[in-house]
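This report refers to the structure that appears directly beneath it.
2 protein chains.
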Amino acid sequence: MPKIFNLNEIKEALQEVDVAAAIEAGFVAYSRGDVVVPPVGELVFEDPPGDVHIKYGYIKRDEYFVIKVASGFYNNLALGLPQADGLMLVFSQKTAQLECILLDECHLTNVRTAAAGAVTARFLAPSTVTRIGVFGAGVQGRMQVEALLPITDCRNVIVWGTGEEELEAYREAMAPHDLTIETTRTSDEIAATCNLIVTATPSRTPLLRSGQIRPGTHITAMGSDTREKNELDPAILGKADIVVADSIEQCLVRGEIFHALSAGVLAEENIRELGQVITDPKLGRLSDSQITIADLTGVAVQDIQISKAVVEVLTSV
Amino acid sequence: MPKIFNLNEIKEALQEVDVAAAIEAGFVAYSRGDVVVPPVGELVFEDPPGDVHIKYGYIKRDEYFVIKVASGFYNNLALGLPQADGLMLVFSQKTAQLECILLDECHLTNVRTAAAGAVTARFLAPSTVTRIGVFGAGVQGRMQVEALLPITDCRNVIVWGTGEEELEAYREAMAPHDLTIETTRTSDEIAATCNLIVTATPSRTPLLRSGQIRPGTHITAMGSDTREKNELDPAILGKADIVVADSIEQCLVRGEIFHALSAGVLAEENIRELGQVITDPKLGRLSDSQITIADLTGVAVQDIQISKAVVEVLTSV
C-alpha cells in the first residue's frame, strides 16, 4: 500500500527542501545524459477545453522513478474549481512498487517551474537587474517573482495582465513581499524598462515584438509548453545572442524554440541546454549587453527531483 | 480529495461488472474513432530489468478520462514481490479533477486483457473448440482460460510452460474448475490437437512455427506488447486467412503484426481491427477451415472501460 500525502503535508515538507538546488542538479544530470525522459504524454480536450500532460522518467541508478500528471482546464474557475490540478506518483526503481502518491494538486509542478526560472536567471540575467517584468498575473506570474527574490536585489516589478481584476488580485497576493509593483496592459513599458522579463501566459500570439527588445535583456519564456502556445515573436530568438532550452529534444517540437525553428530564424546547432550552461557558465551570459532567451517547456527531471526531495522529508519522520 | 480503493474492494466490485460486455463496447467505440488514445508511454529499465506502460485516453463525450500504469519487473519474484503491479487513475472529463485512484496492483489490467481474449475467441474461434492450447503458465495463462469458459463448451486444456514447477502450480491453481488439464514443454502436441490457441508469454523468440499450424486453428497472441517480444513465427500471419489487431495503429509498431510487417509477409491493408469484426461479424471467421490470428497488444480503451465500470459500482453505494 503506497503512502499517500495531501497538499498540506507536501507544503510543510517543502519548507525543508532546497528546491533550486534540486532542480539545478536535475538539469545537470539531464544534459549529461543520465536521465531517461520519454516524450511528454498529452491529452487535449475540446469541450470543455483543457489539456493534461504526463511527464515521467528516471535518473539512471537512482532510487525512484516518477510519473507526474498535471492538468489545465480553463473553464474550471467559473465552476469554483482550480484551473490546474495533478499528482505525482513515486515508484521504486528496484521493484516498481508504488511507494508514494503525492496529491499535490499541481503545486509541486508550480514550485519546480518557478525554481527553473530562478536557476535560469542566475546564469543568464544581467549582473544588475533594474526591473523585473512579468507577463501573466496568474500563479506562475507570482511564483516566478517569488523564486527570483533570493537571487536578485531588485525589488521593482511590473506585471502585465489582461484585466484590472486579475492585476488587482496580483497586487494583493504579492503585498506580503517588500516589492514595488506596477501593473500594465501593454508590453511597451516592460520592454523599455525591464532587463529581466518572464513570460508566463498561455498566449497563442506573441506578446513581445522583436523591435522592442533592448540589448542587455534576458527573457525567460515559460508559458508556452505546447506546439500551439507562443509568447515571443520568433524574430526575438533570431536576434538573441544566446538561446537556451531546458530540453533541446522537447523544444524542437514545442515552445518558443519550435516556433523560431519553424520560422527559419534559429538554427538547431545554436541552441544550448540549461544543464550545459549550469555546468559551464561560460556558455551563459558573458556581458551585460547580450540578449539572452531561455525557453522552459518543463522537463520530467524537475518532477523527479522535487518529488524525490519531498518524499525524502515525508518518509524520514 | 480522490476516493481511493484497494485491491479487495476492486475485486468485490468486479463481481457486479459484465467485463466482456464493457470491453466489447470499448473496442467498438475505438474502431469507430470515438476514442482518443495517444501512443503508449513506456519506461524500460535494465538493472533490474523491467518495463512500465502508461496507457491513457478517453471516449469522446464520456464522463471520465483514465490514466493507467502497469509494470512488469521480472526479478521481483525472487524478492517475494509480484512481477506485475500498477494502478488506474480516473479523472472527470469535465473538470480534470482526480475522482478515484484504483490501487488494483495490475489486477484490472489482467482482467481486461483476459476479457479481450474471450471477446476475440467469440468472433474468431471455430464453432466447435476441440481443445484449448495455452502457451504460458502464468497469470494470463490461467485467466485467459477462465475467461473462455463462458463462451465455449470445451473443457479440455493443454498448457505449455518452461518448467515442471510452474506447470504443477498451474494445475493446482486451476483445480477448482472442472477441466481436463495436460501440460507440455514442447509446442507439437498443442499445434496438433488444439484449434483454439492462446499465447501468453514474454517470449522474444517464436514459440510456434508456420508449418505446425493446421487449417481451422485460431490463435490469440496476447503476450507480445513491445517491439522486442515475439511469440509467433511471422510466416503464420502470412499464411492466415484473417489477421485481426486490437488496434491497428499500435500493432504497426509493436506485437506480432509489427514483426510480420517487418518480415514482409503481411500487408497493412489486410489487417482488420477487432472493433470492426465485432460490429460486422462477416469480417470474422466464416468457416471452420480458416486460420485466424488475433494480435492483442492491449489498448487504453480497455482500461477506460473496466475502470469506469468498477468506479460506477464503487461509487454507487
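Just so you know, the sequences run in chain order A and B. Numbering-wise, the first sequence is residues 658 to 974 according to our numbering. Numbering-wise, the second sequence is residues 658 to 974 according to our numbering. Beta carbons: idealized from backbone N, C-alpha and C, even for Gly.
Among the CB atoms of chain A, none fall inside 8 Å of the CB of E930/B. Counting only runs of at least 4 residues, the segment 661-727 of chain A fully encloses the following alpha helix (DSSP H) elements, listed from N- to C-terminal order: 664-671, 676-688. For K751/B, the chain A residues whose C-beta falls within less than 7 Å of its own C-beta are P705, listed in chain order. Listed along chain B, the residues sitting closer than 7 Å to G698/A by beta-carbon distance are P695, G698, I711, Y713.
At least one CB of chain B lies nearer than 8 Å to the CB of I661/A.
In this structure, G743/A keeps its C-beta atom at 8 Å or more from the C-beta atom of A753/A. By the Cβ criterion, the segment 931-949 of chain B is in contact with the segment 775-785 of chain B, since at least three pairs of Cβ atoms, one from each stretch, lie closer than 8 Å. For F722/B, the nearest CB of chain A lies under 8 Å from its own CB, placing it at the interface with that chain. Excluding the 5 residues flanking it on each side, P659/B has same chain C-beta neighbours closer than 7 Å at L755, E756, C757, I758, in chain order. For V816/A, the secondary structure class from DSSP, reduced to helix, strand or coil, is strand. In this structure, DSSP gives H875/A an extended state, which the three-state scheme calls strand.
For the pair of segments examined, the segment 660-669 of chain B was found not to touch the segment 717-724 of chain A: the number of CB pairs separated by less than 8 Å stays below three.
If the five residues before and after A686/A are omitted, its C-beta is found closer than 8 Å to the C-beta atoms of V692, I716, G932, V958, all from its own chain and listed in chain order. The beta carbons of K896/B and I870/B sit about 7 Å from each other, so the pair counts as a contact at 8 Å. The alpha-carbon of I905/A is positioned some 47 Å away from that of D898/B. Put simply, of Q740/A, V747/A, L664/A the residue whose alpha carbon is nearest the alpha carbon of K712/A is V747/A.
I870/A sits in coil when the DSSP states are folded into three classes, being neither helix nor strand. In this model, P695/B and T850/A are separated by some 44 Å (Cα to Cα). At a cut-off of 8 Å between C-beta atoms, L909/A does not count as an interface residue with respect to chain B.
According to DSSP, T856/B shares a beta bridge with F792/B, A878/B. With respect to chain B, the C-beta atom of N733/A has a partner C-beta closer than 8 Å.
Contact annotation: in the segment 751-777 of chain B, residues whose CB is within less than 8 Å of a CB in chain A are K751, T752, A753, Q754, L755, I758, L760. If the five residues before and after L664/B are omitted, its C-beta is found closer than 7 Å to the C-beta atoms of L760, D761, E762, H764, all from its own chain and listed in chain order. The segment 786-805 of chain A makes no contact with the segment 946-964 of chain A, as fewer than three CB pairs between them are under 8 Å.
The bridge partners DSSP lists for I838/A are V814/A. In terms of beta-carbon proximity, S728/A lines the interface with chain B, with at least one pair separated by less than 8 Å.
For the C-beta of M658/A, the chain B residues within less than 8 Å are, from N- to C-terminus, N663, L760. As the crow flies, the alpha-carbon of A902/B is around 11 Å from that of L894/B. The beta-bridge partner set that DSSP reports for F748/A consists of F722/A, L755/A.
With a threshold of 8 Å between beta carbons, D742/A makes contact with chain B. In the DSSP assignment, T949/A falls within the beta strand (DSSP E) that extends over 949-952. For F702/B, the nearest CB of chain A lies under 8 Å from its own CB, placing it at the interface with that chain. Contact between the segment 811-828 of chain A and the segment 910-928 of chain A is absent: fewer than three C-beta pairs spanning the two stretches fall below 8 Å.
From the listed residues H710/B, G795/B, C908/B, A775/B, the smallest Cα separation to L734/B is found for G795/B.
Interface with chain A (8 Å Cβ-Cβ cutoff): L864/B is excluded.
Annotated as distal: P863/B and L824/B, with beta-carbon spacing of 8 Å or more.
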